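At position 28 of the sequence shown (counting the first as 1) the number is 29 in my numbering, and the numbers step up by one without a gap. A quick write-up on the structure given underneath.
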Amino acid sequence: MENVRESHRQQRKGCTLLLFPLPLQGHINPMLWLANILYSKGFSIIIIHTKFNSPNPSKYPHFTFHSIPDGLLEGEASTADVVDLVTLLNVKCIRSFRDSLVKLLLEVKEEPIACLITDADWYFTQAVADSLKLPRLVLRTSNISFFLVFGALPLLLEKGYIPIKDSQLEEPVVELPPLKVKDLPEIKTRNVEDFYHLVAGLVNESKASSGLIWNSFEDLERDALSKLYQDFPIPIFTIGPFYKYFSGTSSSSLTEDQSCISWLDKKAPNSVIYVSFGSIAEINEAEFLEIAWGLANSNQPFLWVVRPRLVRGSEWIEPLPDGFQERLGGIGHIVKWAPQKEVQAHPAIGGFWTHNGWNSTLESICEGVPMICHPISGDQKVNARYVTDIWRIGLHLEKKLERGEIERAVKRLIVEADGQEMRKRIMSLKEKVEICLKQGGSSYDSLERLTDYILLLQPLRSH
Ligand code: UDP
């Protein structure tokens, strides 16, 4: 068996894969992790990327980077309207992406290109790949359960769940348990039709692809996976969590403040609440102040990531009252960006207050850290519902942010018996993560199937 594996590995040497991440932090990270996983399996990697939010090539000397113009104007690149941005990118990149693909297919002669792997959000790439007879695999960076919600969008519209009505927020979506109407994705965007169009493109072009890759694992999403097999009759590979394949690799394009670690070193085990709302979410000034006072009043140590411009209308933490940080007496540490992987793995961390982006949620599961869920948009509300109602590894801040509620939630998670139960359950999921990645585990086997499958695509390409 080992000999067969070695011969496959040799065969993979000299076989190139083209990867095209969507230029948003929560999408770049998983694609670069996937690139590292496939590189470790012997493939050569070319990363095609936009000029906007380009990854830092110096962190990946083993990959070739190929930049394409994205045509974004200054205002377009800095918009907070993600649907607008992704829609624009899917239009503006068609030409430059096609040109670069044609060039690469001509240039990369000694190392045949087996396939293209793009983020599912790059839905225009399926037509380009088809026209060049290049198989396209899709990486979907959300979880499977949320993708099924996107897949059900026509039904949700037909049954009147969407557009969401205030009078129905607490009602169950009977076709998609355990979701409530308020969990459905309703993205604030200039033109809601653009959102529907984006979702349809993403779902249909994923279905038309040569296979779907997931940063998730079987034991976590068994029911959703069975449904996916029914609705998407294409090869499916659940090889996650990507984040666990390598120790110490960070794909963050932002500067990580390492002072977090020495600060955490001085705190007791399981005592600190880590607070971060990811790379895109925004809050208003009133919410920011409720969070600050809620954390301070909880009297539990907290490590808080306040990204520049997290607070709408502010550069950083200016809305805090004068002397706020000094008065904390060392229980609070505020940074602009944290080395999240190291932070989550630190023994002092007892809980994670998160917006439930999929990467953050999965990273928390990998490290066995129970959560306070404060979803803001996109897939986050669905992720939070699964965290609290299905996996029961976190508690939900469902109402308006209010300092008293926050204080109670922090204490409940870090100190009370309730939180201990959640910690036990998430520790058992953490063990499942470790098992699925070992030889004979579900993600391990799925990755073997994926690498064999890519080798089958290569001969198709050379004819
Ligand atoms: N992250 C980080 N440092 C921080 C905050 C976030 O490295 O201070 C990383 C985090 O580990 C995750 C990603 O940024 O991998 C955020 O992705 P997620 O899907 O959670 O949220 P998004 O940013 O897409 O809303």
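Note that CB positions come from ideal geometry on N, CA and C, so glycine has one too. These figures come from a predicted structure and were not determined experimentally.
- About 21 Å separates the beta carbon of Leu265 from that of His356, a gap too long to meet the 8 Å contact definition.
- Here the alpha carbons of Gly330 and Ile145 stand approximately 43 Å from one another.
- Using a Cβ distance threshold of 9 Å, Pro22 and Asp120 count as a contacting pair.
- In the DSSP assignment, Tyr230 falls within the unbroken alpha helix (DSSP H) covering Arg223 to Asp232.
- Arg409 has its CB no nearer than 8 Å to any heavy atom of the ligand UDP.
- In this structure, Pro340 has its beta carbon less than 8 Å from a heavy atom of the ligand UDP.
- For His397, the enclosing beta strand (DSSP E) begins and ends at Gly395 to His397.
- Annotated as proximal: Val306 and Trp338, with beta-carbon spacing under 9 Å.
- Sequence-distant Cβ neighbours of Phe238 in its own chain, meaning closer than 6 Å and more than five residues away, are Ile214, Ser447 and Leu451.
- For Thr389, the closest C-alpha among the options Pro242, Val193, Trp294 and Ile366 is that of Ile366.
- In this structure, Phe218 is the residue among Leu185, Phe218 and Pro155 with its C-alpha nearest to the C-alpha of Lys439.
- One alpha carbon belongs to Phe196, the other to Val87, and they sit about 10 Å apart.
- In the three-state reduction of the DSSP assignment, Leu39 falls in the helix class, which pools H, G and I.
- In this structure, the CA atom of Asp258 is about 7 Å from the CA atom of Pro340.
- When Cβ pairs closer than 8 Å are counted between the two stretches, the stretch 198-210 is seen to touch the stretch 123-134, the count reaching three or more.
- Using a 10 angstroms sphere on the CB of Tyr230, the tally of other CB atoms stays under 16, which defines it as exposed.
- Partner residues in the beta bridge of Gly212, as assigned by DSSP, are Leu138.
- In this chain, Ile235 is not harboured by any alpha helix (DSSP H), its DSSP state being neither H nor E.
- Ser299 is a Cβ neighbour of Lys412, given a cutoff of 9 Å.
- Counting every other CB atom within 10 Å of its CB across the protein chains shown gives Glu222 a total of 16 or more, marking it as buried.
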